[in-house]
Amino acid sequence: MKAIIAAYNILSNNAALTAVVGTRINPLRMPQETTFPAITLHVISNIPNSSKSGHSKSDFARIQIDTYGTTYQSAYSTAELVRTAMEVATPGVFNGVTVQVIEYDGEVEMSEDNAGFAGVYHVSQDYIINYNR
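Residue numbers 6 to 138, in my numbering, belong to the letters of the sequence shown in order.
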């Protein structure tokens, strides 16, 4: 949850990104009537940072950030804005979550042919976020 709070804060406060998507940044799912481009984000996994001196004080979360657009260019250019926003953000404190580092961990391009008449284009990016518990 903390990783999503931090990522949402980073994305929703990036002027270049919000100029394109506005407030269409949502955890887990998009509302049915969302216009595009739009973004969703969710946690894939959360792993404690092992410590020999007790419980973990920080975690590594793998999050997935998905960008959607009605054209390939729209989805891809929005994904590039997401990557830039995430990479320049750390270290820092985002909505009360101390983030030590964010690492881009790859992407895949897809299409959602069942979405609407023409379908939508979809870029899915993974990030590893190391944050304080």
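Ideal Cβ placement from N, Cα and C applies to all residues, glycine included.
Residues of its chain near residue i, where Cβ-Cβ distance is below 7 Å and the 5 sequence neighbours each way are ignored
| i | result |
| --- | --- |
| Ala80 | Pro42, Thr72, Tyr73, Gly74, Tyr126, His127, Val128 |
| Asp64 | Asn51, Ile52, Pro53, Asn54, Tyr136, Arg138 |
| Ala90 | Ile15, Leu16, Asn19, Leu22 |
| Gly97 | Val104 |
Inter-residue Cα distance where the pair is residue i and residue j
| i | j | result |
| --- | --- | --- |
| Val106 | Asn51 | 15 Å |
| Val102 | Thr95 | 11 Å |
| Ser179 | Ala8 | In the structure displayed, the chain extends from 6 to 138; residue 179 sits before or after that span and is not available. |
| Thr23 | Asp110 | 23 Å |
| Gly59 | Arg34 | 36 Å |
| Glu112 | Pro36 | 23 Å |
Beta carbon of residue i nearer than 8 Å to that of residue j
| i | j | result |
| --- | --- | --- |
| Glu108 | Ile68 | no |
| Ala12 | Ile49 | no |
| Glu114 | Gly124 | no |
CB-CB length for residue i against residue j, believed under 8 Å
| i | j | result |
| --- | --- | --- |
| Val26 | Thr76 | Not a contact, Cβ separation roughly 14 Å. |
| Gln130 | Val87 | 6 Å |
| Thr40 | Asn31 | Rounded, the Cβ-Cβ distance is 13 Å, inconsistent with contact. |
Close beta carbons around residue i, own chain, < 6 Å, minus the five adjacent residues each side
| i | result |
| --- | --- |
| Ile10 | Asn100, Val102 |
| Ala66 | Ala8, Val48, Asn51, Ile134 |
CB contact below 8 Å: residue i versus chain C
| i | result |
| --- | --- |
| Ile15 | No chain C appears in the structure shown, which is made up of a single protein chain. |
Counting only runs that start and end within the region 70–102, where is the alpha helix (DSSP H) found for 4 or more residues in a row? 77–92
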